[in-house]
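>
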Amino acid sequence: MTTSEDVNKIIEAEQENDERFKHHVCVCVAAGCLSSHSGQVKSALEEEIKKQGLEHECQVKGVGCMGLCAAGPLVSVRESGKVYQEVRPENSADLVAALNGQSPEPADAPKADQLSAEMPFFSRQVKIVLENCGKIDPNRIEDYIVAGGYQALATALAEMTPPQI
Numbered sequence: 011m012t013t014s015e016d017v018n019k020i021i022e023a024e025q026e027n028d029e030r031f032k033h034h035v036c037v038c039v040a041a042g043c044l045s046s047h048s049g050q051v052k053s054a055l056e057e058e059i060k061k062q063g064l065e066h067e068c069q070v071k072g073v074g075c076m077g078l079c080a081a082g083p084l085v086s087v088r089e090s091g092k093v094y095q096e097v098r099p100e101n102s103a104d105l106v107a108a109l110n111g112q113s114p115e116p117a118d119a120p121k122a123d124q125l126s127a128e129m130p131f132f133s134r135q136v137k138i139v140l141e142n143c144g145k146i147d148p149n150r151i152e153d154y155i156v157a158g159g160y161q162a163l164a165t166a167l168a169e170m171t172p173p174q175i
């Protein structure tokens with residue numbers, strides 16, 4: 011990146027890519043959730059989505075901490091706002107079925123509990139510095155750029171002289 015246009019091109023490309031997907035499933039890959047095997051949950055969800063032929067409709071990505079480490083692994087679905095706790099790899103079929111409003115099968119399969127964003131633990135929080143927690147994949151700088159990261163760099167490149175910087 012050497013110009014603000016470069017930053018804008020990355021943002022546009024990422025937004026176009028994001029719009030291709032009907033569902034966005036975010037799996038916490040922060041330390042607390044990883045220690046509870048969220049990496050396996052993420053892999054199981056990716057495999058289930060491929061198994062059901064939904065890889066062009068559903069995006070699964072790892073994200074930073076969602077803020078409720080004791081209930082991990084956490085999985086959120088952007089479109090519905092649902093956040094599931096203590097998800098296990100064997101819950102992946104149920105979660106993928108729930109994306110399209112289908113009843114999970116078999117009926118006796120273990121279910122992931124749904125947490126509400128309205129619950130007191132979350133609703134009383136006003137995130138300022140951490141407003142993007144649970145939204146950005148820590149392994150993709152493009153996610154950070156789309157969330158507004160490097161805007162100061164873009165401004166410096168486009169509008170400032172070296173002495174102003």
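The numbers in the sequence shown follow the working numbering, run straight up by one, and end at 175. Idealized CB from N, CA, C, for every residue including glycine.
State yes or no: is the C-beta of H33 within less than 8 Å of the C-beta of L109?
yes
> Quick one: what's H66 bridged to in DSSP?
Answer is none; H66 lacks a bridge partner.
> Please report the straight-line C-alpha distance between E152 and G144, rounded to a whole angstrom.
15 Å
> Taking the alpha-carbon of G158 as reference, which of L167, I146, A168, E169 has the nearest alpha-carbon?
I146
> Can you check whether the CB of S48 is closer than 8 Å to the CB of V39?
yes
> Does any residue of chain B have a CB that is nearer than 8 Å to the CB of P83?
In the structure shown, chain B cannot be found, because there is only a single protein chain.
> I'd like to know whether the C-beta atoms of A81 and E96 end up nearer to each other than 8 Å.
yes
> Can you give me the Cβ contacts of K71 inside the same chain, cut-off strictly under 7 Å, excluding the 5 residues immediately before and after it?
C36, D147
> Is I175 closer than 8 Å to A166 when the C-beta atoms are compared?
yes
> Can you say whether A23 is buried or exposed, counting buried as having 16 or more other CB atoms within 10 angstroms of its CB?
It counts as exposed.
> Could you tell me which residues DSSP puts in a beta bridge with K92?
K92 is bridged to V87.
> Would F31 and Q69 qualify as a contact pair, given that the criterion is a beta-carbon distance under 8 Å?
yes
> Please say whether S14 and A164 have beta carbons closer to each other than 8 Å?
yes
> Looking only at its chain, what residues have a beta carbon closer than 8 Å to the beta carbon of S102, apart from the 5 residues adjacent to it on each side?
V51, A54, L55, E57, E58
> Taking only three categories from DSSP, how would you classify K32?
If DSSP states are grouped into helix, strand and coil, K32 belongs with coil.
> Is M76 near S90, with beta carbons less than 8 Å apart?
Not closer than 8 Å, so no.
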